[in-house]
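Enquirer: The structure follows.
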Amino acid sequence: MTVTVERNARAVGKSNAQKPPRGPRDSYALFLLPGALAFLAVIVLPFVMNTYVSFTDWQGVGSPEWSGLANYRELMDDSEFWASFRHSLFMVVAMAAIPTALGLVLAAALFDYVGKHFGSRTAAVLRACFYLPQVLPIAVAGIVWSWILAPDDGSLNALLKAIGLGSWQQDWLGDPDLALYSVMGVMIWVQLGFPLVIFMAGLQRVDPQLYEAAELDGAGWWRRFWHITLPQIRPEIYVVLTWCSIAALKVFGAVYVLTKGGPGGATDVPSYFSFTTFFEKTQVGYGAAISTVLTVLILALSLIGLRLQERTDP
Amino acid sequence: MLTARRRVVAAAVVLTGSLLVASCGDSDSGSSDGKTLRLWHYEGPTSAMGIAWKEAIKEFETKHPGVKVEFEEKSFDQIQKTAPMVLNSSDAPDLMEYNKGNATAGLLSKQGLLTDLTEEATKRGWDKKLSPSVRTTSLYDTNGVMGSGKWYGVPNYAEYTLVYYNKDLFKKYGVAEPKTFAELTAAMDTFVAKGVTPLANGGAAYPAQQYLYQLALSKADRSWVDAYQLYKGKTDFHDAAWTYGAETFADWVKKGYFSKSSSGQNEEAAGVSFTSGKAPILFSGSWWYGRFKTDNKFDWGTFRWPDSKLTLGSGGNLWVVPKGSKNKDLAYDFIDITMSKKIQNLLGNSGGVPVAADASAITDPQSKTLIDDFNTLSKNDGLAFYPDWPVPGFYDVLVSGTQKLITGSEKPDDYLSDLQEAYDKGAPKQ
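First to last, the sequence lines map onto chains A and W. In terms of my numbering, the first sequence opens at residue 1 and continues consecutively. In terms of my numbering, the second sequence opens at residue 1001 and continues consecutively.
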């Protein structure tokens, strides 16, 4: 080992004598190469292929026929696509906005109140409980929720009946006016743990002296939350919002398991719409156009998120 | 000698190369040694077909010493979603079960992914064993439209829809077995009056659309079916039959024959509400028969949809031989065994509907009724296929539309206009 190091040191010394010294960026770039090439093979290449397919009329087998922008023009006039897109915005509310807001309050409460009064162990257990749905595969969570929300013998309706609220019983996933909100409810449950954990980690690095000083100045919990917690963990908030919004835009599993986009398209989302167009309708070119649009949107959102994050970085 | 930097580059190139090769999916796992038959099917092991095909594998291995059947059980969805890609690669099996119809087997045959079985069908006499209406799904023309052209698949069983009813519940509420359509609606009125929702239904899957199609079929004839399914004429979704189907269906929702909450339920929930004794009537396919025989804890019976010459049904799923099959002769031999009297009789006695069984060999009385009903239907040219067959993706259009009819969020007329639009978009241009 020592010999190798010495030999390398000699080699470096020799090359230094002949050439100007190389900065660390040059030597590290080599290590990035495998990753970059793998990224090219499994991300860029399929994306380029998908974009090419989106300009064709193709059923998935045989030769694709070039159709130019026809798929995109059709997409612009496709009310089903735009409806699925509107549902996506609802999903952003359910999977990003609400979990972030709730996660913030809960994280602050667990860190600031539960942690201090009941011990950090209790806070950790509660945090793990909130995080549990994130660990469950979405297919499992979806099936369990479809049992809970079943119209005739579902446990939610049974519970409502048992506590004398029989008139509140609903066909949670089968009523077109309710189905989207039911799926949103499930997604809030699934998603909540992620922001909570990130925010609690963020709170660890906030200087406790800030809180102590504020407390001495007579600031209440809400003022401390608003003026210290929020500004201090702003980077985490941006990360969570970006990450969750992307997850919301590409949500698929929950819709597939819970409603299959129904009833009557009431819970259809672009990724599920693209999936059925690909595999059920075998309109591969059109399906590719949908996923290309979706990818571009997600990319744009990620870039905006990253820029916002950069701005908040010290 | 390679420098460290070059070594990293070389390793990266090798890694990328292997990733690219892997992503192209060109791995070759098939064998062409004549010693293995790679077989895929998606029948459950306890279903009539599952039992029969298992026996066929045994028989095949006895008749072909030294040949091993490599059977892979797939799900319907797995094969349905990936078939074009799998068949386009060298991973294709030698023989596989595939869904019949224009949008499925027809599409694959049009793209040249399936072997033309015409010569074998004639040589081995499969064409003689299958009745014309069962044979329809075996033949596909150059546009992939079923009913004429070359043989691309062989169905070894058949299926049709019938009314399952709970005799105990009928007795309890003083309802007699309906012989006519009027008696059927009167029976349902009685159940509704006593607070029982008469029909088991699943709006999130095929049951709801099959009720609606059956209602339309009761006002239709063969030329109507041929126009819709085989494009031999124009299909107008605002004609008398479709209008009757959609309006009656919506009316039945209003009358409480279907529960409103059935819009979000799938076929399994529909089946369970019948087997659990909740719903007294289920109109669905013969594929439930075997399961009801074991699951139903009450006295039950079946009858054909009253006052209708036509009902949903066809030959069963197809055996297809992929173009890339490396052991085609073995595949043909296997199909031949599944067509033999021994396997067909076993299928019949296990609760399935065989296509070439020995009538006298079916010993189970319930199975005998099921098979006799099918034979009558088939003889009278009464099989009208399924509503989702004509165009790819029509299944989802029908599911979504009938859900809207159940929830009352769409009028029958708008529903029919939606169907027209999707059908015209997907059907081959006349």
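Beta carbons: idealized from backbone N, C-alpha and C, even for Gly. Quick caveat: nothing in here was measured; it's all calculated off a predicted structure.
What's the gap between the Cα of Gly1301(W) and the Cα of Tyr1332(W)?
Expert: Start at 1 with the first residue of the second sequence, and residue 1301(W) comes out as number 301. Start at 1 with the first residue of the second sequence, and residue 1332(W) comes out as number 332. Each residue's Cα considered, the two are about 38 Å apart.
Enquirer: Taking a contact to mean a Cβ-Cβ separation below 8 Å, would you say Gly261(A) touches Ser1261(W) in this structure?
Expert: As a working mapping, residue 261(A) is identified with position 261 in the first sequence. As a working mapping, residue 1261(W) is identified with position 261 in the second sequence. It is not a contact, given that the beta carbons lie outside the stated cut-off.
Enquirer: Is there a Cβ from chain W that is less than 8 Å from the Cβ of Leu75(A)?
Expert: Counted from its first residue, the first sequence places residue 75(A) at position 75. Using a CB distance cut-off of 8 Å, Leu75(A) does not count as an interface residue toward chain W.
Enquirer: Please name the residue or residues paired with Thr1311(W) in a DSSP beta bridge.
Expert: One-based indexing of the second sequence puts residue 1311(W) at position 311. Partner(s): Leu1383(W).
Enquirer: Using a Cβ-Cβ cut-off of 8 Å, state whether Thr1407(W) counts as contacting chain A.
Expert: Against the second sequence, residue 1407(W) aligns to sequence position 407. Chain A contact via Cβ: present.
Enquirer: Label His87(A) either buried or exposed according to how many other C-beta atoms from any shown protein chain fall within 10 Å of its C-beta, with 16 as the threshold for buried.
Expert: Reading the first sequence from its first residue, position 87 is the one you call residue 87(A). Result: buried.
Enquirer: In the DSSP output, what is Ala1158(W) paired with across the bridge?
Expert: Numbered from 1 along the second sequence, position 158 holds the residue referred to as residue 1158(W). Paired residues: Gly1315(W) and Val1353(W).
Enquirer: Taking the continuous beta strand (DSSP E) assigned at Lys1068(W), which residues delimit it?
Expert: Counting from one through the second sequence, the residue named residue 1068(W) turns up at place 68. Segment Lys1068 to Glu1073, the beta strand (DSSP E) holding Lys1068(W).
Enquirer: Where does Leu1019(W) sit, in a helix, a strand or coil, going by DSSP?
Expert: The sequence position of residue 1019(W) within the second sequence is 19, counting from 1. Low local confidence applies: a pLDDT of 44 at Leu1019(W) is under 50, so the model's placement there is unreliable, with the coordinate-based value given in what follows. The answer is helix: DSSP assigns Leu1019(W) an H, G or I state.
Enquirer: For Asn71(A), which three-state DSSP category applies?
Expert: Here residue 71(A) is taken as the residue at index 71 of the first sequence, counted from 1. Helix, per DSSP.
Enquirer: Excluding the 5 residues preceding and the 5 following Trp1389(W) in the sequence, name in chain order all residues of the same chain whose CB lies nearer than 7 Å to its CB.
Expert: Indexing the second sequence from 1 puts residue 1389(W) at position 389. Cβ contact annotation for Trp1389(W) (same chain, cutoff 7 Å, sequence separation greater than five): Gly1101, Asn1102, Ala1103 and Gln1229, in chain order.
Enquirer: Do you know how far the Cα of Ile228(A) is from the Cα of Leu210(A)?
Expert: Within the first sequence, residue 210(A) is the residue found at index 210, counting from 1. Within the first sequence, residue 228(A) is the residue found at index 228, counting from 1. One C-alpha to the other measures close to 7 Å.
Enquirer: Report the three-state DSSP secondary structure of Glu1421(W) (helix, strand or coil).
Expert: Counting from one through the second sequence, the residue named residue 1421(W) turns up at place 421. Glu1421(W) falls in the helix class under three-state DSSP.
Enquirer: Can you confirm whether Ala1200(W), when its beta carbon is compared against all beta carbons of chain A, has any partner nearer than 8 Å?
Expert: Along the second sequence, read from residue 1 onward, the residue named residue 1200(W) stands at position 200. Output row for Ala1200(W): interface = no.
Enquirer: Taking the beta strand (DSSP E) that Met184(A) falls in, what are its first and last residues?
Expert: To locate residue 184(A), count along the first sequence from 1; it is residue 184. Per DSSP, Met184(A) lies in no beta strand (DSSP E); the unbroken alpha helix (DSSP H) holding it starts and ends at Ala179 to Gln191.
Enquirer: Which residue marks the beginning of the beta strand (DSSP E) containing Leu987(W), and which one marks its end?
Expert: Residue 987(W) lies beyond the range of chain W shown here (1001 to 1430); nothing can be said about it.
Enquirer: Let me know the secondary structure DSSP gives Leu160(A) once reduced to three states.
Expert: One-based indexing of the first sequence puts residue 160(A) at position 160. Note: Leu160(A) maps to helix in three-state DSSP.
Enquirer: Using a Cβ-Cβ cut-off of 7 Å (strictly less than) and excluding sequence neighbours within five positions of Tyr1157(W), which residues of its own chain qualify?
Expert: Translated into the one-based positions of the second sequence, residue 1157(W) becomes position 157. Cβ within range, chain order: Met1049, Gly1316, Leu1347, Gly1352, Val1353, Pro1354 and Val1355.
Enquirer: Chain W partners of Phe273(A), CB-CB under 9 Å?
Expert: As a working mapping, residue 273(A) is identified with position 273 in the first sequence. Neighbours of Phe273(A) on chain W: none; closest Cβ ~10 Å, over 9 Å.
Enquirer: Given a threshold of 16 other Cβ atoms within 10 Å of its Cβ, counted over all protein chains shown, does Gly1034(W) qualify as buried or as exposed?
Expert: Taking the first residue of the second sequence as position 1, residue 1034(W) is located at position 34. So Gly1034(W) counts as exposed.
Enquirer: So which residues of chain A does Asp1396(W) contact, with C-beta pairs closer than 7 Å?
Expert: As a working note, residue 1396(W) is residue 396 in the second sequence. What Asp1396(W) touches in chain A: Thr276 and Glu280.
Enquirer: Any beta carbon from chain W within less than 8 Å of Leu132(A)'s own beta carbon?
Expert: The residue you call residue 132(A) lines up with position 132 of the first sequence. No - not a single Cβ of chain W is within 8 Å of the one on Leu132(A).
Enquirer: Which one of Asn1143(W), Ser1223(W) and Ala1422(W) has the shortest CA to CA distance from Leu1108(W)?
Expert: Here residue 1108(W) refers to the residue found at position 108 of the second sequence. Nearest C-alpha to Leu1108(W): Asn1143(W).
Enquirer: What separation, rounded to the nearest whole angstrom, lies between the Cα atoms of Phe1303(W) and Lys1171(W)?
Expert: Looking up residue 1303(W) in the second sequence gives position 303. Looking up residue 1171(W) in the second sequence gives position 171. If you take the alpha carbons of Phe1303(W) and Lys1171(W), they lie about 16 Å apart.
Enquirer: To which residues of the same chain is Leu141(A) closer than 7 Å at the C-beta, ignoring the five residues directly before and after it?
Expert: The count along the first sequence starts at 1 and reaches residue 141(A) at position 141. Here residue 141(A) is Ala; the residue named in the question, Leu, does not match the sequence. The beta carbon of Ala141(A) sits closer than 7 Å to the beta carbons of Pro133 and Val190 from its chain, once the five residues preceding and following it are set aside; these are given in chain order.
Enquirer: Beta-carbon of Thr259(A) versus every beta-carbon of chain W: anything under 8 Å?
Expert: Your numbering for residue 259(A) matches position 259 in the first sequence. So, interface residue.
Enquirer: Are Ile290(A) and Leu75(A) closer than 8 Å when you measure CB to CB?
Expert: Stepping through the first sequence from its first residue, residue 290(A) is reached at position 290. Stepping through the first sequence from its first residue, residue 75(A) is reached at position 75. Yes, the Cβ-Cβ distance between Ile290(A) and Leu75(A) is below 8 Å.
Enquirer: For the alpha helix (DSSP H) that Leu249(A) lies in, which residues bound it at each end?
Expert: As a working note, residue 249(A) is residue 249 in the first sequence. Element bounds for Leu249(A): Arg234 to Leu249.
Enquirer: Can the beta-carbon of Val1391(W) be found less than 8 Å from the beta-carbon of Ala1422(W)?
Expert: By 1-based counting over the second sequence, the position of residue 1391(W) is 391. By 1-based counting over the second sequence, the position of residue 1422(W) is 422. Yes, these two residues count as a Cβ contact at 8 Å.
Enquirer: Could you confirm whether any beta carbon from chain W is found closer than 8 Å to the beta carbon of Pro263(A)?
Expert: The residue you call residue 263(A) lines up with position 263 of the first sequence. Pro263(A) counts as touching chain W.
Enquirer: Are Pro1412(W) and Leu1398(W) touching if we call contact CB-CB under 8 Å?
Expert: On the second sequence, residue 1412(W) is found 412 positions in, with the first residue counted as 1. On the second sequence, residue 1398(W) is found 398 positions in, with the first residue counted as 1. It is not a contact, given that the beta carbons lie outside the stated cut-off.
Enquirer: Quick check on Ser1284(W): does DSSP put it in helix, strand or coil?
Expert: Numbered from its first residue, the second sequence carries residue 1284(W) at position 284. Three-state result, Ser1284(W): strand.
Enquirer: Looking at Thr100(A) and Pro195(A), is the spacing between their C-beta atoms short of 8 Å?
Expert: Looking up residue 195(A) in the first sequence gives position 195. Looking up residue 100(A) in the first sequence gives position 100. Yes, they are a contact pair.
Enquirer: What residues in its chain sit with their C-beta under 6 Å from that of Ser1027(W), if we drop five residues either side in the sequence?
Expert: Position 27 of the second sequence, counted from the first residue, corresponds to residue 1027(W). Note on Ser1027(W): pLDDT 39, under 50, position unreliable in the model; no value is reported.
Enquirer: By the criterion of Cβ-Cβ separation under 7 Å, what are the contact partners of Lys1081(W) in chain A?
Expert: Here the question's residue 1081(W) lines up with position 81 in the second sequence. Correct list: Phe279.
Enquirer: Which of helix, strand or coil does DSSP assign to Glu1247(W)?
Expert: Numbered from its first residue, the second sequence carries residue 1247(W) at position 247. The answer is helix: DSSP assigns Glu1247(W) an H, G or I state.
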